[in-house]
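Counting the sequence shown from 1 gives a position; our numbering is that position plus 1285. From the three backbone atoms N, C-alpha and C, an ideal C-beta is built for every residue, glycine too.
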Amino acid sequence: MSSASTSTAYGRPCSRTTERAVILRRQRPVAFQRVGDRTLIRLEEEERLMLVDLAGQFRSVVADDHDPGLRRLYPTAYPNNPEWDADYASLVHDDLVRLRLEAADTVEATAGSPSLADDELADWMQVLNGLRLLLGTRLDISEEDQFDPEADDAPARALLAWLGFLLEEAVAAAGEPDGTNA
């Protein structure tokens, strides 16, 4: 055995595990697939309905503008200068709110569609990311946190992971103009 490899004690070298992971990744269906100038939505009906519901909840929180979870959606631009930060917020905040509300409308309107145009996909990514930020803030998630399926917040953390998966798939589809992400 070479000094560069470690005994697995139970079988073949670790490179086999890597090959298996690549095969499994290829077999997993993608949620979004680029075909020509459109992106196919490959979600089950229940998933689409859940996203419509989540987009509505996202709209409610963004429109309220007093939810403490919004701090991740509107971070401080100038942490060392409150006056500049207030000026910046007065210039962009209303536009950011409007764009997020429009993105939520797009998700609700297109959730049942077979495919999305580029601008619609961008709106989906904005809502998916916004939902992740809001949920992660409410759960007070940190990088060190480990998922515990027995924890009271396990369903919310599973939702957070699913939203992350969808966002990753949407970004991959957006980055593949010729449909090669499948």
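With a cut-off of 8 angstroms on the beta carbons, I'd call Phe-1317 and Val-1412 a contact; round off their distance for me.
-> Not confirmed; about 13 angstroms, so no contact.
3 or more residues per run - each beta strand (DSSP E) lying fully within the segment 1387 to 1412 | none
Are the Cβ atoms of Leu-1452 and Arg-1357 separated by less than 8 angstroms?
-> One thing to note: Leu-1452 has its Cβ no nearer than 8 angstroms to the Cβ of Arg-1357.
Within 10 angstroms of its Cβ, does Gly-1421 collect 16 or more other Cβ (buried), or is it exposed?
-> So Gly-1421 ends up on the buried side.
With C-beta atoms as the reference, is Thr-1361 less than 8 angstroms away from Asp-1352?
-> no
Minimum C-alpha distance to Asp-1403 - residue among Ala-1459, Gly-1354, Met-1335 = Ala-1459
Return the CA-CA distance between Glu-1454 and Pro-1314, expressed in angstroms with no decimal places.
-> 10 angstroms
Could you give the distance in angstroms between the alpha-carbon of Val-1337 and the alpha-carbon of Arg-1383?
-> 18 angstroms
Could you tell me if Asp-1379 is buried or exposed, where buried requires 16 or more neighbouring beta carbons within 10 angstroms of its beta carbon?
-> exposed
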